[in-house]
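Peer 1: Before I ask anything, let me first share the structure, which is written out below as structure tokens.
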DNA sequence: CTAGAATAGGTTAACGATAATCCATGAACG
DNA sequence: CGTTCATGGATTATCGTTAACCTATTCTAG
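Residue numbers (this note's numbering), protein chains in the order written: chain E, 319 to 670; chain Z, 319 to 670.
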């Protein structure tokens, strides 16, 4: 069928292993320049491509790293994917994407696929319900894991963003702009992520001498169809029902914030004049909305680089004793129009 | 290292090939229930995973299809990826994503990777400059290709969306709402895609008895940094410079439309009252903007399904004689607020 | 009671690439 | 002149799985 090493060797009039040495770039080829060139020429003529499966079987090294994503279209997952892939390729490995696309069973399927492909490590971009079982399987197969989101009950390094600091930054910014009645949306207190955010929120408020009673927590609407934006839209009506009406709202992420802004527009509530909105993640579109969104940016590149570095430590030394690490990177406040920080100020900065 | 079939066989007290038959689900196992269960139990106990590389080497079938994407974050590419992957998995194959992320050299790299992985076919979601050489390589390796975008100089089936019909639908809709001075943005007439759109635009106008002089074509701003939205933002200023000011604008795609709407907001031009905006693609966010975007939706699911069906015809019969097909699917107009269909339309017609 | 299925399972030779080992040839050296 | 070594290249075992081909036992029909 396809040309093999044997074909190339025959064409060049040498033995297979000589061809092998040359074509894979052996550092000590012990092959004369002439022979080398004859082999390269033959390979080119026959359009030879090495069979990775055969190589992997023989060498036992797959040079493949799995990337597991719960839902690429949400938040910064796609940006993470890009950054992680780039970092992995920089180390000479290929990448296998397992995109569960919101279906928890697929998560398990991909964990098994990674194992069957002899992946040397796995990067978790985001998870879905039931991730624990899938990742425990990887643990059992001794495949090192690094995650960009907090993980529970799984042996893995974690490189995540400090959500508490993020919430603190956002809240403090609103307080400094004079807001006192700030609402925070949340999707359920049970997740550690959410608890962290809430803690940062409270710390900023009390640090500013603000009573927590004026800072209502709004439970996200449980609607699931229509995606994350739709949840934001539905939840915004709860926000609008509050009396007295808050003057600012901290959203769980940018997509929710976009949904909220849509409902506010529908209700005739102007952003930022009547309601300041802050998001989380700094997704691409956030900067390009009619009212650009103030948000907390995640240091995606750095996160990816550090995560991949940790993973390769374990890949290169499978017996590494280092206990699982948890690294929290600092997020960054990105001020745009949606919180009402003076537009003159923004222009001033842009001019600099 | 990892447990192999031999380990399982030894544990169960049978020969390797008996274990192989059972574990891969041979339709004619000729293995007693008792033995079968002993093998399954042993596999479970030893956490056996088959080695796909060994299997592929032996069977010569990789059951892998490559997916090549120029830039996942743009337009409907991510949705396409999801739909295509789903369709491929439904046929029992795995997927290999080659995400060039805007870098043309990576496109070539991934084409080679697909070949080295013995991919049985390739689905092209979108392309970048220089795709031709990469795909010709796949042609030479006799790997069948199906593309979701028009391709030039490459042997491949194509399942695309009828852009002419899309432009016609959008333009006609605006005309019916009473618009007469409609601008169209374009990124250069050289691409067949763009030429098609322009043709549909003109057909709709002349079909309505509109002089083409009142329908200006605006060349997209060549800015490249900041992504597609930023280009829309920059281009919108050109639109605003026109006299008389058009009352509607047809954008190349939704991201451009989003950028345009941002600039219009900045300039104090209300959408849709003073300017109707229509996009193309119907990306997720389009429905969730403060002023939801009227747009032309691509039939992504159907496109993916038909493309994958064509591809598998060729995979299953490598000697299939059928010449490359080009299928054009009909897009669909999605009316939302940005064109003012419900309210402003009647007023404008009355005023004209 | 025996030929011939049918059943249950074992043996072994690949698949393509790699790497350890082995075999020539020629040069350098005492 | 024989030994050592460096160079250039060939032989061959092996990775884990599969599939074609055996062997041995049981069952059934005539």
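Ideal Cβ placement from N, Cα and C applies to all residues, glycine included.
So, helix, strand or coil for residue 349 (chain Z), using DSSP?
Peer 2: Numbered from 1 along the second chain, position 31 holds the residue referred to as residue 349 (chain Z). Looking at residue 349 (chain Z) - three-state DSSP - the assignment turns out to be coil, as it is neither helix nor strand.
Peer 1: Could you name the residues of chain Z that residue 583 (chain E) contacts, counting a contact when the two beta carbons are closer than 8 Å?
Peer 2: One-based indexing of the first chain puts residue 583 (chain E) at position 265. Here the neighbours are 608 and 609.
Peer 1: My output table needs one value for residue 669 (chain Z): the three-state DSSP class, helix, strand or coil.
Peer 2: Residue mapping note: residue 669 (chain Z) aligns to position 351 of the second chain, counting from 1. Unreliable positioning characterises residue 669 (chain Z) in this predicted model, as indicated by a pLDDT of 45, which lies under 50. The coordinate reading is nonetheless provided below. Residue state, collapsed to three classes: helix.
Peer 1: To the nearest angstrom, report how far apart residue 648 (chain Z) and residue 515 (chain Z) are at their CA atoms.
Peer 2: Locating residue 648 (chain Z) in the second chain gives position 330, counting from the first residue. Locating residue 515 (chain Z) in the second chain gives position 197, counting from the first residue. Cα to Cα, the separation comes out at about 13 Å.
Peer 1: May I have the straight-line CA-CA distance separating residue 552 (chain E) from residue 643 (chain E), to the nearest angstrom?
Peer 2: Position 234 of the first chain holds residue 552 (chain E). Position 325 of the first chain holds residue 643 (chain E). Going by the C-alpha atoms only, they are around 38 Å apart.
Peer 1: For residue 672 (chain E), does the count of other Cβ atoms within 10 angstroms reach 16, so buried, or fall short, so exposed?
Peer 2: This structure gives no information on residue 672 (chain E), because the portion of chain E shown stretches from 319 to 670.
Peer 1: Have a look at residue 334 (chain Z) and residue 323 (chain Z) and give me their C-alpha separation to the nearest angstrom.
Peer 2: The residue given as residue 334 (chain Z) occupies position 16 in the second chain. The residue given as residue 323 (chain Z) occupies position 5 in the second chain. Those two C-alpha atoms are separated by around 6 Å.
Peer 1: Of all the CB atoms in chain Z, is at least one closer than 7 Å to the CB of residue 579 (chain E)?
Peer 2: As a position in the first chain, residue 579 (chain E) is number 261, starting the count at 1. Yes, contact with chain Z.
Peer 1: Leaving out five residues on either side along the sequence, give the residues of the same chain with a beta carbon under 8 Å from the beta carbon of residue 420 (chain Z).
Peer 2: Start at 1 with the first residue of the second chain, and residue 420 (chain Z) comes out as number 102. If we look at residue 420 (chain Z) and ignore the five residues flanking it on each side, its Cβ neighbours are 388, 389 and 446.
Peer 1: Under the assumption that residue 572 (chain Z) contacts residue 604 (chain Z) (Cβ atoms under 8 Å), give the Cβ distance between them as a whole number of angstroms.
Peer 2: Reading the second chain from its first residue, position 254 is the one you call residue 572 (chain Z). Reading the second chain from its first residue, position 286 is the one you call residue 604 (chain Z). Indeed they touch by this definition, with Cβ atoms about 5 Å apart.
Peer 1: For residue 372 (chain Z), tell me which candidate among E:365, E:367, E:366 and E:380 has the shortest Cα-Cα distance.
Peer 2: Within the second chain, numbered from 1, the residue matching residue 372 (chain Z) stands at position 54. Cα-wise, what sits closest to residue 372 (chain Z) is E:380.
Peer 1: Could you compute how far the alpha carbon of residue 417 (chain Z) sits from the alpha carbon of residue 562 (chain Z)?
Peer 2: Locating residue 417 (chain Z) in the second chain gives position 99, counting from the first residue. Locating residue 562 (chain Z) in the second chain gives position 244, counting from the first residue. Between residue 417 (chain Z) and residue 562 (chain Z), the C-alpha separation is close to 44 Å.
Peer 1: Pick out whichever of Z:384, Z:544 and Z:575 has its Cα sitting closest to the Cα of residue 427 (chain Z).
Peer 2: Counted from its first residue, the second chain places residue 427 (chain Z) at position 109. Of Z:384, Z:544 and Z:575, the residue nearest in Cα terms is Z:384.
Peer 1: Taking only beta-carbon positions, decide if residue 666 (chain Z) is within less than 7 Å of chain E.
Peer 2: For the purposes of this step, residue 666 (chain Z) is taken as the residue at position 348 of the second chain. Here the model assigns residue 666 (chain Z) a pLDDT of 44, short of 50, so the residue's position is not dependable, and the following value carries that caveat. Chain E contact via Cβ: absent.
Peer 1: DSSP three-state label for residue 542 (chain Z), please.
Peer 2: Position 224 of the second chain, counting from 1, holds the residue named residue 542 (chain Z). Of the three classes helix, strand and coil, the one that applies to residue 542 (chain Z) here is coil, per DSSP.
Peer 1: Using 10 angstroms around the beta-carbon of residue 590 (chain E), count the other beta-carbons present and answer buried if the total reaches 16, otherwise exposed.
Peer 2: Locating residue 590 (chain E) in the first chain gives position 272, where the first residue counts as 1. Looking at its Cβ environment, which holds 16 or more other Cβ atoms inside 10 Å, residue 590 (chain E) is buried.
Peer 1: Under the assumption that residue 597 (chain E) contacts residue 613 (chain E) (Cβ atoms under 8 Å), give the Cβ distance between them as a whole number of angstroms.
Peer 2: The residue you call residue 597 (chain E) lines up with position 279 of the first chain. The residue you call residue 613 (chain E) lines up with position 295 of the first chain. So it is a contact: roughly 4 Å between Cβ atoms.
Peer 1: Taking DSSP as the reference, what is the three-state secondary structure of residue 417 (chain Z)?
Peer 2: Within the second chain, numbered from 1, the residue matching residue 417 (chain Z) stands at position 99. Of the three classes helix, strand and coil, the one that applies to residue 417 (chain Z) here is strand, per DSSP.
Peer 1: So with CB distances below 7 Å, who are the chain Z contacts of residue 433 (chain E)?
Peer 2: What you label residue 433 (chain E) is simply residue 115 of the first chain in a count that begins at 1. Simply 367.
Peer 1: Residues of chain E with a CB under 8 Å from the CB of residue 430 (chain Z): which are they?
Peer 2: One-based indexing of the second chain puts residue 430 (chain Z) at position 112. Residues of chain E passing the Cβ test: 367.
Peer 1: For the region 391–423 of chain E, enumerate the residues whose C-beta is nearer than 9 Å to any C-beta of chain Z, in chain order.
Peer 2: Taking 9 Å as the Cβ-Cβ cut-off against chain Z, the residues of the region 391–423 of chain E that qualify are 391, 396, 397, 399, 400, 403, 404, 407, 412, 413, 414, 415, 417 and 419.
Peer 1: Where does residue 663 (chain Z) fall in DSSP's three states?
Peer 2: Here residue 663 (chain Z) refers to the residue found at position 345 when the second chain is read from its first residue. Residue placement at residue 663 (chain Z) is flagged as unreliable, the pLDDT there being 40, under the threshold of 50; a coordinate-derived value is accordingly withheld.
Peer 1: My parser needs the beta strand (DSSP E) runs of 3 or more residues fully inside the region 356–387 of chain Z; what are they?
Peer 2: The region 356–387 of chain Z contains these whole beta strand (DSSP E) runs: 382–387.
Peer 1: Is the separation between the beta-carbon of residue 618 (chain Z) and that of residue 394 (chain Z) shorter than 7 Å?
Peer 2: Translated into the one-based positions of the second chain, residue 618 (chain Z) becomes position 300. Translated into the one-based positions of the second chain, residue 394 (chain Z) becomes position 76. Contact flag set, yes.
Peer 1: With 16 other CB atoms within 10 Å as the buried threshold, where does residue 459 (chain Z) fall?
Peer 2: One-based indexing of the second chain puts residue 459 (chain Z) at position 141. Result: buried.
Peer 1: Could you confirm whether any beta carbon from chain Z is found closer than 7 Å to the beta carbon of residue 663 (chain E)?
Peer 2: In the first chain, counting from the first residue as 1, residue 663 (chain E) sits at position 345. Any answer about residue 663 (chain E) is weak, because its pLDDT of 39 lies below 50 and its placement is not dependable; what the coordinates show is given next. Cβ-Cβ to chain Z under 7 Å: no for residue 663 (chain E).
Peer 1: Considering only DSSP beta bridges, list what residue 491 (chain E) is partnered with.
Peer 2: What you label residue 491 (chain E) is simply residue 173 of the first chain in a count that begins at 1. Note: residue 491 (chain E) sits in no beta bridge, so no partner.
Peer 1: Under a three-way DSSP split, which group does residue 621 (chain Z) fall into?
Peer 2: Sequence index remark: in the second chain, residue 621 (chain Z) carries index 303 (1-based). Note: residue 621 (chain Z) maps to helix in three-state DSSP.
Peer 1: List the whole-angstrom C-beta distance separating residue 358 (chain Z) from residue 340 (chain Z), where the pair is believed to meet the contact cut-off of C-beta under 8 Å.
Peer 2: Counting from 1 along the second chain, the entry for residue 358 (chain Z) is found at position 40. Counting from 1 along the second chain, the entry for residue 340 (chain Z) is found at position 22. Indeed they touch by this definition, with Cβ atoms about 7 Å apart.
Peer 1: Is residue 560 (chain E) near the ligand GTP, judged by its Cβ being under 6 Å from some heavy atom?
Peer 2: Absent from the structure shown: the ligand GTP. Ligands present: none.
Peer 1: I want to see whether chain Z comes within less than 7 Å of residue 389 (chain E), judged by CB atoms only; does it?
Peer 2: Position 71 of the first chain, counted from the start, is the residue given in the question as residue 389 (chain E). So, not an interface residue.
Peer 1: Measure from the alpha carbon of residue 502 (chain Z) to the alpha carbon of each residue in Z:444, Z:554, Z:407 and Z:402, then state which is nearest.
Peer 2: The count along the second chain starts at 1 and reaches residue 502 (chain Z) at position 184. The candidate whose alpha carbon is nearest that of residue 502 (chain Z) is Z:554.
Peer 1: Can you give the beta carbon distance from residue 522 (chain Z) to residue 486 (chain Z), rounded, assuming they're within the 8 Å contact cut?
Peer 2: Here the question's residue 522 (chain Z) lines up with position 204 in the second chain. Here the question's residue 486 (chain Z) lines up with position 168 in the second chain. Contact holds; Cβ gap of about 5 Å.
Peer 1: Since I believe residue 657 (chain Z) is in contact with residue 594 (chain Z) (beta carbons under 8 Å), could you give me their beta-carbon distance rounded to a whole number of angstroms?
Peer 2: Within the second chain, the letter at position 276 stands for residue 594 (chain Z). Within the second chain, the letter at position 339 stands for residue 657 (chain Z). That belief holds up - the Cβ atoms of residue 594 (chain Z) and residue 657 (chain Z) are roughly 4 Å apart, short of 8 Å.
Peer 1: Near residue 632 (chain Z), which residues of its chain fall below 6 Å by C-beta distance, leaving aside the five closest residues on each side in sequence?
Peer 2: Stepping through the second chain from its first residue, residue 632 (chain Z) is reached at position 314. Closer than 6 Å at Cβ, skipping near neighbours: 462 and 638.
Peer 1: If we ignore side chains and look at the alpha-carbon of each, how far apart do residue 498 (chain Z) and residue 491 (chain Z) end up?
Peer 2: Taking the first residue of the second chain as 1, we reach residue 498 (chain Z) at position 180. Taking the first residue of the second chain as 1, we reach residue 491 (chain Z) at position 173. Answer to the nearest angstrom: the Cα atoms are 11 Å apart.
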